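Number of protein chains: 2
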Amino acid sequence: MSNKNIGIKDVAVAAGVSVTTVSHVLNEVSYARISSETRDKVKTAAEELGYGPNRLAQALRTQRTGMLGLVSEEIATTPHAGRIILGADEAAKARGYNLMIINTPGSASLESRQADVQALLERRVDGILYATMYHRNVELPENLGSVPSVLVDSVAIGGNITAVVPDEDGGARAAVGALLDAGHTRIAFLNNTDDVPATRQRLQAFRAMLTEAGLDGDAAPVESEISEVQGGYEAAKRILSRDDRAHMPTALFCYNDRMAMGAYRAAAELGLSIPADLSVVGFDDQELIAANLYPGLTTVALPHYEMGAWATEHLIDAIEGKDDLSLMALHPTILGCPLVSRESVAAPR
Amino acid sequence: MSNKNIGIKDVAVAAGVSVTTVSHVLNEVSYARISSETRDKVKTAAEELGYGPNRLAQALRTQRTGMLGLVSEEIATTPHAGRIILGADEAAKARGYNLMIINTPGSASLESRQADVQALLERRVDGILYATMYHRNVELPENLGSVPSVLVDSVAIGGNITAVVPDEDGGARAAVGALLDAGHTRIAFLNNTDDVPATRQRLQAFRAMLTEAGLDGDAAPVESEISEVQGGYEAAKRILSRDDRAHMPTALFCYNDRMAMGAYRAAAELGLSIPADLSVVGFDDQELIAANLYPGLTTVALPHYEMGAWATEHLIDAIEGKDDLSLMALHPTILGCPLVSRESVAAPR
DNA sequence: GTTCTTGTTGCTCATCCGACTCCCACGTCC
DNA sequence: GGACGTGGGAGTCGGATGAGCAACAAGAAC
Numbered sequence: 001m002s003n004k005n006i007g008i009k010d011v012a013v014a015a016g017v018s019v020t021t022v023s024h025v026l027n028e029v030s031y032a033r034i035s036s037e038t039r040d041k042v043k044t045a046a047e048e049l050g051y052g053p054n055r056l057a058q059a060l061r062t063q064r065t066g067m068l069g070l071v072s073e074e075i076a077t078t079p080h081a082g083r084i085i086l087g088a089d090e091a092a093k094a095r096g097y098n099l100m101i102i103n104t105p106g107s108a109s110l111e112s113r114q115a116d117v118q119a120l121l122e123r124r125v126d127g128i129l130y131a132t133m134y135h136r137n138v139e140l141p142e143n144l145g146s147v148p149s150v151l152v153d154s155v156a157i158g159g160n161i162t163a164v165v166p167d168e169d170g171g172a173r174a175a176v177g178a179l180l181d182a183g184h185t186r187i188a189f190l191n192n193t194d195d196v197p198a199t200r201q202r203l204q205a206f207r208a209m210l211t212e213a214g215l216d217g218d219a220a221p222v223e224s225e226i227s228e229v230q231g232g233y234e235a236a237k238r239i240l241s242r243d244d245r246a247h248m249p250t251a252l253f254c255y256n257d258r259m260a261m262g263a264y265r266a267a268a269e270l271g272l273s274i275p276a277d278l279s280v281v282g283f284d285d286q287e288l289i290a291a292n293l294y295p296g297l298t299t300v301a302l303p304h305y306e307m308g309a310w311a312t313e314h315l316i317d318a319i320e321g322k323d324d325l326s327l328m329a330l331h332p333t334i335l336g337c338p339l340v341s342r343e344s345v346a347a348p349r
Numbered sequence: 350m351s352n353k354n355i356g357i358k359d360v361a362v363a364a365g366v367s368v369t370t371v372s373h374v375l376n377e378v379s380y381a382r383i384s385s386e387t388r389d390k391v392k393t394a395a396e397e398l399g400y401g402p403n404r405l406a407q408a409l410r411t412q413r414t415g416m417l418g419l420v421s422e423e424i425a426t427t428p429h430a431g432r433i434i435l436g437a438d439e440a441a442k443a444r445g446y447n448l449m450i451i452n453t454p455g456s457a458s459l460e461s462r463q464a465d466v467q468a469l470l471e472r473r474v475d476g477i478l479y480a481t482m483y484h485r486n487v488e489l490p491e492n493l494g495s496v497p498s499v500l501v502d503s504v505a506i507g508g509n510i511t512a513v514v515p516d517e518d519g520g521a522r523a524a525v526g527a528l529l530d531a532g533h534t535r536i537a538f539l540n541n542t543d544d545v546p547a548t549r550q551r552l553q554a555f556r557a558m559l560t561e562a563g564l565d566g567d568a569a570p571v572e573s574e575i576s577e578v579q580g581g582y583e584a585a586k587r588i589l590s591r592d593d594r595a596h597m598p599t600a601l602f603c604y605n606d607r608m609a610m611g612a613y614r615a616a617a618e619l620g621l622s623i624p625a626d627l628s629v630v631g632f633d634d635q636e637l638i639a640a641n642l643y644p645g646l647t648t649v650a651l652p653h654y655e656m657g658a659w660a661t662e663h664l665i666d667a668i669e670g671k672d673d674l675s676l677m678a679l680h681p682t683i684l685g686c687p688l689v690s691r692e693s694v695a696a697p698r
C-alpha cells in the first residue's frame, strides 16, 4: 500500500499550489476565485494520489461529524431492530451521513443508557436516534437533550421530544376490518398480557370496530396470554374448545404473528382448517412466520423501516436547520400499519 | 444545558493549572510527576464541569479513534447479521471500542463495497470487520488491506486475510450423529441448491457419517431445492411419497431450519407424526422457527455471536500489537456448531 | 558554614495532528 | 489608483507529548 496517509498537503505539493487552494477547490468554496486550469491541476493530483479527506480533522474544525448516533435495544433478538436500522442507514447514507450504532439491553438501567449516550456525545455525533424494540413509553437519559434527537417506536415519559410510533389503532382496525369484510360476525381477540400501548390500543380498536359494524364489541371474546407462540396456542385452545359450538368464533385476531402461529397449531389439533373453518389475522408481518406458515398469514405490517427512515430524515433536517424539532415534539408522529393479505382469511362457513 | 462544549482548557482554568497538567492527570500518564493535591483539584474540577474529552481531537492527535468498522450484509433480512453484530459489539465495548456499522446489500458491486470501506477509512477506524450473511467466498475490495481486517463467516477468494467460519463438517456430523444414535438407518438429506461451501461440506459429512456407521452413504437419498420453507416442503414430499414404503427414510437431515419447517408440513399432510413416524433435524437454530415449531426442532447452531466476538477480539489484539493477523491468515479459523436438542428426534418405529 | 554541584519533584511551553477559513498580497487592466 | 482576478499565510478546532524550567534538598568542595 503506497497510499498511506495522503493529506491535503501532499496534494498541494503535487499540484504545485498551497493547501488553501486545494481546500478551496475540493470543497467548491463559492467565494474562492480560482482559474479552471488550477482547478484541474488540483483535481487531477487528488485523484492520482487517491486522496480522501481526514474526516476527523474536518470534523474538528467544522464542528460537524456527519455521524448520527443510533441507540438500539436488543439488536439481535428481534428482527424489528434490523428494519429500523436499515431504514435509518439508507436515509442517512442518502444524505451523506453515517451511523454509529450502540446496542443496549432492553433492561439497561438509566445510568447505563446515559453512558451510551455519553459515548455518542464524546464522538460528537451530530444527532441521536433512540430506538426501542417495541412501542412503549421510555424514561430518557437527560444528556440526550444536548444534541438534536428523535425517538423511534416510543414516546418519552412526560417528555416533549420528537417521536415516531406506529398507528396501533389503524392497524388493528385494518386487521379486524379484513375479517368483517369477509363476513365474519363472531371474532375473538388473542391479546398480549404486557401493559404496553399496543395492548390497550389494539383491544380498544377491536371492540370499537365490532361495535361500529353493529355487533356487540364489548361482549366479544378476548383471551390474554404472553405474546409468544405458546401463549397463542393456549389462548386459541381455550377459545376454540368451548362447548357452545354454535357460538364459537369463526375468526381470530391475534396480537402478533407469533401468537397466530400458536393459533395455527391449536386449530390443527382441533381439526379446524384455515381458512375454511377458521380465519386468522396477525400483527407484525414477521416474514419468517407470516409468509412461511401454511396457509400464508394475513397480517398487519409494522412500519419499522419507515419509522427509522422518517426519524433520520427529520433529524438531519433539524441538524441542517431546515426543520424545527421542537415544533414536532408536541405530539408523536404516527405512521401507518398496512394490511398484508395472504391466505388465512376467507368467508365463514 | 450549561455543559455546552467544555474543553480541557476550561478544566485547566477551573483547577488553576495548565492544560498539560490536566491532560497528564486525566490520562494517568506514567512519567508525569504530579502531586496528589493537584491531581485531586483537577479531577474535582473535571467532575464538576462534567468534562468529557473530545474524541475527535484526541483521535486526530493520537492516530487512534477507538472505532471499528463493521461492513455487514443485509442487516435486516437475516437474524444472523444481528447476532454477529451483537457478538462484535459486546467484545468491542469490553475493550473500550465502538462500532461503526455500514450496511450493504448482498448483491452490491465491488465498487460499492469499496466505497463503503472508503467511508470507514476516511473516518479513520482502527480496524475493519467484514461480515457476510452466509458462509461463502468473497472477492474483497482492495482498500481493505490498508488497516487490520478480519472476515466473518466468509473467506477471501485467493486471499490471505484472517477469517473465521463455522465448522460445517462438524455441525453436519453432529446432526447426522444424533439421528444415528437414535437408531435410524434410513436417513435422507434435504440439501440446498446454491453452490456455497455449506452445501458441499454438509453433503460430504452426511455421506461420510453414514459410511462410517457401516451404512451405504453413497446411496442415501438426497433431494435438493432452494433453501426456503417451500423448497423443504417439496423436497420432503418427494422423498416421503415414494412407493417403496419399506425403504422410506425414517429420518430427515435438513439443510436449514426453514427447509425443516417445510418438511414438517409435508409430514403433516402425509399423516406422519414427528418424531414418532419421522425424525427431523435442521441447521441454523433460528429461534423463531426451531423453538416454536411443534414439536421443537432439534438443530445445529451456527456460531454467529461467537464469530463476531472472536473476530473483534483478534482484530483488537492486532491493532494493539498483541497479535499478528498475518500468521492467522494462512487458514481460516473454524468455530464449532453445537447440536441443540429439542423434541424432533426419536427412535424409529 | 557558605557556596556549588547534582538530582528530584512538580509543572508548563511550544508544537503537532489535518483540514478550514478569515484576511491580506500580489499583478493587471482600465 | 481602484477594481478585479488569483492565490497564499497563519490562526484555529481540542487535546497529546517531548523538552525544558523553577524550586528545593542533599551531598560535596572550599
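One line per chain: the protein sequences are S and C, in this order.
Going by my numbering, the letters in the first sequence line up with residues 1 to 349, in that order.
Going by my numbering, the letters in the second sequence line up with residues 350 to 698, in that order.
From the three backbone atoms N, C-alpha and C, an ideal C-beta is built for every residue, glycine too.
Note that the structure is predicted; figures quoted are calculated from it, not measured.
Check your understanding: Residues of chain S with CB under 8 angstroms from C:Ala430, in chain order?
Key -> By 1-based counting over the second sequence, the position of residue 430 of chain C is 81. What C:Ala430 touches in chain S: Gly82.
Point to revise | Separation of C:Arg404 from C:Ser351, as counted between CA atoms | key: Here the question's residue 351 of chain C lines up with position 2 in the second sequence. Here the question's residue 404 of chain C lines up with position 55 in the second sequence. Confidence in C:Ser351 is poor, its pLDDT being 38 and thus under 50, which makes the residue's placement too unreliable to answer from.
Check your understanding: Going by DSSP, what residues sit across from C:Pro515 in a beta bridge?
Key -> Indexing the second sequence from 1 puts residue 515 of chain C at position 166. In the DSSP assignment, C:Pro515 forms a beta bridge with C:Leu684.
Review point. Can you find a CB in chain S that lies within less than 8 angstroms of the CB of C:Ser351?
Key: Sequence index remark: in the second sequence, residue 351 of chain C carries index 2 (1-based). Here C:Ser351 scores only 38 on pLDDT, less than 50, and its place in the model should not be relied on; the value that follows carries that caveat. It does not; no Cβ of chain S falls within 8 angstroms.
Review point. Where in the segment 12-100 of chain S do unbroken runs of the beta strand (DSSP E), each at least 3 residues long, occur, reported from the N-terminal end onward?
Key: 67-73
Check your understanding: Where do the N-terminal and C-terminal ends of the beta strand (DSSP E) with C:Glu618 fall, by residue?
Key -> Mapped onto the second sequence, residue 618 of chain C falls at position 269. Counting along the chain, C:Glu618 falls outside any beta strand (DSSP E), though it belongs to the alpha helix (DSSP H) covering Asp606 to Glu618.
Check your understanding: Applying a beta-carbon distance threshold of less than 8 angstroms, which residues of chain C neighbour S:Val65?
Key -> Locating residue 65 of chain S in the first sequence gives position 65, where the first residue counts as 1. Rather than Val, the amino acid found at residue 65 of chain S in this sequence is Thr. Residues of chain C passing the Cβ test: Leu405.
Exercise for review: Answer with yes or no whether the minimum CB distance from C:Glu471 to chain S is below 8 angstroms.
Suggested key: Stepping through the second sequence from its first residue, residue 471 of chain C is reached at position 122. At least one chain S Cβ lies under 8 angstroms of C:Glu471.
Review point. What number of angstroms, rounded off, separates the C-alpha of S:Leu288 from the C-alpha of S:Pro79?
Key: Numbered from 1 along the first sequence, position 288 holds the residue referred to as residue 288 of chain S. Numbered from 1 along the first sequence, position 79 holds the residue referred to as residue 79 of chain S. S:Leu288 and S:Pro79: Cα-Cα distance of roughly 10 angstroms.
Point to revise | Interface residues of chain C facing S:Val11 [CB-CB closer than 8 angstroms] | key: Here residue 11 of chain S is taken as the residue at index 11 of the first sequence, counted from 1. What S:Val11 touches in chain C: nothing, since even the nearest Cβ is about 15 angstroms away.
Exercise for review: Could you pull out every residue in the same chain whose Cβ sits closer than 7 angstroms to the Cβ of S:Ser149, ignoring the five residues on either side in sequence?
Suggested key: Taking the first residue of the first sequence as position 1, residue 149 of chain S is located at position 149. Hits under 7 angstroms: Gly127, Ile128, Tyr130 and Ile161.
Review point. What number of angstroms, rounded off, separates the C-alpha of S:Ile102 from the C-alpha of S:Gly336?
Key: Stepping through the first sequence from its first residue, residue 102 of chain S is reached at position 102. Stepping through the first sequence from its first residue, residue 336 of chain S is reached at position 336. Distance between the alpha carbons of S:Ile102 and S:Gly336: 27 angstroms.
**Study point:** Neighbour list for C:Asn540 in chain S, Cβ cutoff strictly below 9 angstroms
**Key:** For the purposes of this step, residue 540 of chain C is taken as residue 191 along the second sequence, with counting starting at 1. Neighbours of C:Asn540 on chain S: none; closest Cβ ~19 angstroms, over 9 angstroms.
Exercise for review: Provide the residue span of the alpha helix (DSSP H) that contains S:Leu288, from first to last.
Suggested key: In the first sequence, the residue the question calls residue 288 of chain S occupies position 288. S:Leu288 -> alpha helix (DSSP H) spans Glu287 to Ala290.
Check your understanding: So, helix, strand or coil for C:Ser628, using DSSP?
Key -> Here residue 628 of chain C refers to the residue found at position 279 when the second sequence is read from its first residue. Note: C:Ser628 maps to strand in three-state DSSP.
Exercise for review: Answer yes if the segment 611-622 of chain C comes into contact with the segment 661-674 of chain C, meaning at least three C-beta pairs across the two stretches below 8 angstroms, and no otherwise.
Suggested key: no
**Study point:** chain S within 8 angstroms of C:Glu692, Cβ atoms only
**Key:** The residue you call residue 692 of chain C lines up with position 343 of the second sequence. So no, C:Glu692 is outside the interface.
**Study point:** Euclidean distance between Cα positions of S:Arg123 and S:Val17
**Key:** Locating residue 123 of chain S in the first sequence gives position 123, where the first residue counts as 1. Locating residue 17 of chain S in the first sequence gives position 17, where the first residue counts as 1. Answer to the nearest angstrom: the Cα atoms are 33 angstroms apart.
Review point. If we cut at 8 angstroms on Cβ distances, does C:Asn641 have a partner in chain S?
Key: Here residue 641 of chain C refers to the residue found at position 292 of the second sequence. It does; some Cβ of chain S falls within 8 angstroms.
**Study point:** Partner residues on chain C for S:Tyr265, Cβ-Cβ distance less than 8 angstroms
**Key:** Taking the first residue of the first sequence as 1, we reach residue 265 of chain S at position 265. The amino acid occupying residue 265 of chain S in the given sequence is Arg; Tyr does not appear at that position. Neighbours of S:Arg265 on chain C, chain order: Tyr643.
Practice item. Reducing DSSP to helix, strand and coil, say where S:Met248 ends up. Key: For the purposes of this step, residue 248 of chain S is taken as the residue at position 248 of the first sequence. Reduced to three states, the DSSP call for S:Met248 is coil.
Review point. Looking at chain S, which residues of the segment 482-502 of chain C have a Cβ within less than 7 angstroms of any of its Cβ atoms?
Key: Gly494 and Ser495
Check your understanding: Does the beta carbon of C:Arg607 sit closer than 8 angstroms to a beta carbon anywhere in chain S?
Key -> As a working note, residue 607 of chain C is residue 258 in the second sequence. Closer than 8 angstroms to some Cβ of chain S, the Cβ of C:Arg607 qualifies, so yes.
Check your understanding: Quick one: Cα of C:Ala667 to Cα of C:Ser421, how far?
Key -> Numbered from 1 along the second sequence, position 318 holds the residue referred to as residue 667 of chain C. Numbered from 1 along the second sequence, position 72 holds the residue referred to as residue 421 of chain C. Distance between the alpha carbons of C:Ala667 and C:Ser421 is about 21 angstroms.
Review point. When the cut-off is 8 angstroms and only beta carbons count, does C:Val578 lie next to chain S?
Key: One-based indexing of the second sequence puts residue 578 of chain C at position 229. For C:Val578, the answer is yes, since a Cβ of chain S falls inside 8 angstroms of its Cβ.
Check your understanding: Roughly how many whole angstroms lie between the Cα atoms of S:His184 and S:Thr77?
Key -> As a working note, residue 184 of chain S is residue 184 in the first sequence. As a working note, residue 77 of chain S is residue 77 in the first sequence. Going by the C-alpha atoms only, they are around 36 angstroms apart.
**Study point:** Residues of the segment 87-114 of chain S with Cβ closer than 9 angstroms to any Cβ of chain C, in chain order
**Key:** Gly87, Asp89, Glu90, Lys93, Asn98, Leu99, Met100, Ile101, Ile102 and Asn103
Check your understanding: With DSSP run on the structure shown, which of helix, strand or coil describes S:Ala188?
Key -> Here the question's residue 188 of chain S lines up with position 188 in the first sequence. Reduced to three states, the DSSP call for S:Ala188 is strand.
Practice item. Tell me whether C:Ser351 sits in a helix, a strand or coil according to DSSP, three-state version. Key: Position 2 of the second sequence, counted from the start, is the residue given in the question as residue 351 of chain C. Caution is warranted here: a pLDDT of 38 is assigned to C:Ser351, below 50, making its placement in the model unreliable, and the coordinate value is therefore given only provisionally. Here C:Ser351 sits in coil by DSSP.
Practice item. Please report the residue range of the alpha helix (DSSP H) in which C:Ile588 lies. Key: In the second sequence, counting from the first residue as 1, residue 588 of chain C sits at position 239. Judged by DSSP secondary structure, C:Ile588 falls within the alpha helix (DSSP H) whose first and last residues are Val578 to Leu589.
Review point. Using a Cβ cut-off of 9 angstroms, which residues of the segment 321-346 of chain S contact any Cβ in chain C, in chain order?
Key: none
Exercise for review: Would you give the residue range spanned by the alpha helix (DSSP H) that C:Asp475 belongs to?
Suggested key: In the second sequence, counting from the first residue as 1, residue 475 of chain C sits at position 126. Neither: C:Asp475 is in no alpha helix (DSSP H) and is coded neither H nor E.
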